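With my numbering, letter number 86 in the sequence shown gets 89, and the count goes up by one each step, no holes.
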Amino acid sequence: MLGIIGGGQLGSLLAIAAEKLNIKTVILSDDTNAPAKNFTPNFICGNYEDEKIINDFISKVDLVTFEFENIPYKVLKNINENKTVLPRPEINKLLQNRYTEKDFLNKNDIRTTRYTLIKDEDEIKINQSLIPGILKTCTLGYDGKGQYTINSLKDFNETIDFNKEYILEKKINLKKEISVIITRFGHQKYELYEPIENVHEDQILKHSKIPADISDSIKDKSINWATKIVEDLDYIGTLCVEYFIDKNNNLYVNEVAPRVHNSGHLTINTHNISQFENHIRAVCGLEKIETKKLYDGRMFNLIGNDISIYRDKTFKDNEFFYDYLKTEIKEKRKMGHLTVIEK
Ligand code: ADP
Ligand code: MG
């Protein structure tokens with residue numbers, strides 16, 4: 004029995020991949036309406052810090068993985084003392100904080116945007132060289148949440164809650180964004196997907212496609228860095244590296260997600276093995292199968308009200324519609340996606 008922490012669309016798609024491999028899942032979520040409850044026979048709802056809930060979860064599973072990085076370290080560490088957690092809790096701790104994440108990358112000679120830790124307003128003022136910049140909470144941000152763009156100090160009058168820590172990051176003159184998804188099974192053993200090109204709107208992923216329209220040198224560098232990251236971390240499972248390419252064709256790592264990733268949804272239909280199946284295979288110690296691209300493809304996130312139109316549509320045989328079955332439609336909420344393959 005595989006335990007999955009987190010009940011969003013990533014947890015759902017992991018559960019579907021596990022079922023295909025005849026692996027039973029238990030999903031733990033703190034949201035009673037978590038969409039993943041539609042995709043697993045065993046759903047536990049409760050607070051991640053509630054000892055009774057966690058003990059119930061631990062008693063039902065052989066192994067644990069997770070769909071999102073914002074799980075308190077002490078929760079994963081506690082579970083790991085009873086049942087193995089993969090990827091390792093220490094990796095999640097390192098990567099869930101934007102400051103320690105960027106420090107790790109730079110120590111390993113991997114380029115990121117310039118950044119500094121910010122604890123109060125004065126520290127923004129003394130780091131003028133990072134403006135125009137983006138102030139981001141060190142932890143718990145996603146889909147652009149917890150981010151403030153600072154184009155100039157005099158125009159910036161947001162009230163910032165300095166009970167939290169932030170990084171101030173130099174704004175990049177973005178040409179393109181790409182991601183590399185890699186699944187590591189053990190020392191120098193991995194399967195990777197070619198770089199995926201991503202388009203964001205309002206800091207939320209809107210569209211992904213393969214092949215990415217990039218030079219061979221950027222392609223090679225992005226793959227080499229992703230490989231170096233999983234080796235340096237001694238990582239097991241699927242991981243995603245998000246990159247920026249600036250107008251001068253410099254490559255930067257934006258962030259590293261120790262999990263399956265939205266930009267990899269298209270792999271369900273474009274590859275013989277999806278990012279989800281590879282993750283399950285790696286954490287459960289199953290056979291590594293050579294991962295091959297079958298088709299080029301494009302993925303469109305259906306955000307907010309987009310979903311209502313698609314629920315009534317009919318699709319061609321190269322179009323694949325996924326409804327996450329979320330109970331409430333909300334603005335800026337990822338409700339489903341559509342993948343179109345080039346047959
Ligand atoms: P999240 O954790 O919310 O995904 P990201 O740091 O990836 O946060 O930011 C979301 C998006 O905002 C990025 O994909 C990019 O489009 C834009 N963005 C973030 N940081 C920068 C930056 N330093 N320069 C330019 N654009 C940025
Ligand atoms: Mg991101």
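We put the beta carbon where it would ideally sit given N, CA and C, even for glycine.
Predicted model, so just to flag it, every value in this text is computed and none were measured.
Taking a cut-off of 7 Å from the heavy atoms of the ligand MG, the residues with a C-beta inside it are E245, N257 and E258. For T115, there is no enclosing beta strand (DSSP E), as DSSP marks it with neither H nor E. Here the distance from the Cβ of K174 to the nearest heavy atom of the ligand ADP is below 6 Å.
Counting along the chain, I226 sits inside the alpha helix (DSSP H) bounded by residues D219 to L236.
Boundaries of the alpha helix (DSSP H) harbouring L98: P92 to L98, taken from the DSSP string.
Contact between the stretch 333-344 and the stretch 298-308 is established, with three or more Cβ pairs separated by less than 8 Å. The bridge partners DSSP lists for Y298 come to none. Considering only D33, E124, K55 and N252, the residue with the shortest C-alpha distance to F46 is D33.
Residue pairing by DSSP places C48 opposite S32 in a beta bridge. The beta carbon of T140 is closer than 7 Å to those of G149, K167 and Y169 in its chain, skipping five residues each way along the sequence. Its chain contains V343, I344 and K346 as the residues whose beta carbon lies nearer than 7 Å to that of N321, once the 5 sequence neighbours on both sides are disregarded; these appear in chain order. In the structure shown, H190 adopts coil according to DSSP, grouped into three states. Only exposed fits S155, as fewer than 16 other CB atoms lie within 10 angstroms of its CB.
Secondary structure at I271: helix, using DSSP grouped into helix, strand and coil. Going by DSSP, A260 is part of no alpha helix (DSSP H) but of the beta strand (DSSP E) stretching over L254 to A260. Counting every other CB atom within 10 Å of its CB across the protein chains shown gives P38 a total of 16 or more, marking it as buried.
Comparing alpha carbon positions, the residue from G10, A18 and K77 closest to R284 is A18. Collapsing the DSSP output to three states places G144 in coil. For T162, no alpha helix (DSSP H) segment is defined, and its DSSP state is neither H nor E. In this structure, H264 lies near C243, with their beta-carbon atoms less than 7 Å apart.
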